[in-house]
Amino acid sequence: MTTIQAIIIAIVEGLTEFLPVSSTGHMIITENLLGMDLSEANPESEFIKAFTVIIQFGAILSVVVLYWKRFFVLNNEPMEGGDSAPAWKRLIHKFDFYWKLIIAFLPAAVLGLVFSDKIDEFLGDVRVVAVMLLVGGIFMLFCDRIFNHGSEDVKVDEPRALKIGFFQCIAMIPGVSRSMATIVGGMQQGLTRQRAAEFSFFLAVPTMFAATAYKMLKLFLSGGTEMLTSHLGVLIVGNVVAFLVALAAIKGFISFLTKYGFKAFGWYRIVVGAIILILPYLGVSLQMVD
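Each residue of the sequence shown is one higher than the last, beginning at 259 in our numbering.
Quick look at the structure:
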């Protein structure tokens, strides 16, 4: 992998990871357009697959930096019962932000561990990605009409966090988009577009960190340490680029979503899904990114 290829892939990762457009679908198109061979016959294929996972750390960091107060400032609002409340309730209240993220993260964590191999086996097909991009795109054309009851008074509590977490599980199907599933889940629970999108960003941190750490652990256990250290420079460049691009993408997305809604993203998903379906008929053999 060249530095230019690494930068291009990192730009795509940063742009698409938090947008409701499926980063998986974009990775498929990008890596194939760059002529990257992901077959087992290519000794570089393992690093290419690892690279697309590791640069997610850069994207994750952008959320933490942008919303650092939410991550590092504890909840100091008065709680019902005050000091007379049980110690465990006071502790949960203090770490309210993290508590709700844990609740929302649990469904995907459990189902991901149990069904990860089956999901890869049965759904690791570019046609599935393309179809889900199309289906999700059509749904997003009408999303604003279906979920138009968002209120500023509605906040994320434990039951809502859990339900959004189950929505996130839908994104285990390649092409659905984790961002789309969680934002729609939030809006279905009565959150405004902006609040649903922000909670989606927050939930991405534990979800993506766990998924990335799990894949990296498997890589280390299979003897991939030397491969990573030999490409350290490219990995650093990729993470820095993904961080900077994701930072800009998140800011722009919140503003765009608040003003215009989901329709533009719906049409965009339909176009990308159609491209993935058409390319094989033009002689372009598409491969999934593991």
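Just so you know, even glycine gets a beta-carbon here, dropped at the ideal spot from N, CA and C.
Residue of the options minimising C-alpha distance to residue i
i: residue 366; options: 462, 310, 407 and 475; result: 462
i: residue 264; options: 275, 493, 511 and 483; result: 493
i: residue 464; options: 428, 317, 421 and 277; result: 317
i: residue 435; options: 267, 361, 291 and 271; result: 271
i: residue 269; options: 534, 514, 540 and 497; result: 497
i: residue 273; options: 291, 294, 290 and 321; result: 321
i: residue 501; options: 292, 446 and 324; result: 324
i: residue 370; options: 445, 423, 451 and 280; result: 423
i: residue 357; options: 420, 303, 327 and 335; result: 420
i: residue 446; options: 433, 303, 413 and 359; result: 413
i: residue 239; options: 432, 524 and 293; result: Outside the modelled stretch of the chain, which goes from 259 to 548, sits residue 239, for which no answer is possible.
i: residue 474; options: 293, 315 and 354; result: 315
i: residue 491; options: 294, 303, 292 and 309; result: 309
i: residue 363; options: 483, 425, 489 and 518; result: 425
i: residue 319; options: 510, 460 and 526; result: 460
Inter-residue CB distance, residue i and residue j (contact presumed, cutoff 8 Å)
i: residue 305; j: residue 466; result: At roughly 20 Å, the Cβ-Cβ gap does not stay under 8 Å, so residue 305 and residue 466 are not in contact.
i: residue 372; j: residue 286; result: Not really, about 26 Å apart at Cβ, beyond 8 Å.
i: residue 266; j: residue 288; result: 7 Å
i: residue 522; j: residue 277; result: Not a contact, Cβ separation roughly 11 Å.
i: residue 416; j: residue 361; result: 6 Å
i: residue 307; j: residue 332; result: With 8 Å as the limit, residue 307 and residue 332 do not qualify as a contact, their Cβ atoms being about 38 Å apart.
i: residue 368; j: residue 530; result: Not quite, the Cβ-Cβ distance comes to about 30 Å (not below 8 Å), so this is no contact.
i: residue 450; j: residue 409; result: 7 Å
Helix, strand or coil at residue i [DSSP, three-state]
i: residue 450; result: coil
i: residue 356; result: helix
i: residue 284; result: helix
i: residue 276; result: coil
i: residue 516; result: helix
i: residue 479; result: helix
i: residue 548; result: Residue placement at residue 548 cannot be trusted, given a pLDDT of 45 that sits under 50; the coordinates are not used to answer.
i: residue 335; result: coil
i: residue 474; result: helix
Length of the line joining the Cα atoms of residue i and residue j
i: residue 534; j: residue 541; result: 12 Å
i: residue 479; j: residue 487; result: 15 Å
i: residue 547; j: residue 411; result: Bear in mind that the predicted position of residue 547 carries a pLDDT of just 49, short of 50, making it unreliable; the figure below should be weighed with that in mind. When rounded, the distance between both Cα atoms is 41 Å.
i: residue 260; j: residue 386; result: 30 Å
i: residue 440; j: residue 458; result: 6 Å
i: residue 406; j: residue 395; result: 18 Å
i: residue 427; j: residue 468; result: 14 Å
i: residue 516; j: residue 311; result: 30 Å
i: residue 430; j: residue 398; result: 18 Å
i: residue 354; j: residue 335; result: 10 Å
i: residue 519; j: residue 402; result: 6 Å
Contact with chain D by residue i, beta-carbon distance below 8 Å
i: residue 408; result: Reference to chain D is not applicable here, since this structure consists of a single protein chain.
Exercise. What are the complete alpha helix (DSSP H) segments, minimum 4 residues, inside the region 406–447?
Worked result: Runs of the alpha helix (DSSP H) inside the region 406–447: 416–428 and 436–446.
Problem set entry | Unbroken stretches of the alpha helix (DSSP H), 4 residues or longer, contained in the region 300–327 | You should have 303–312 and 314–324.
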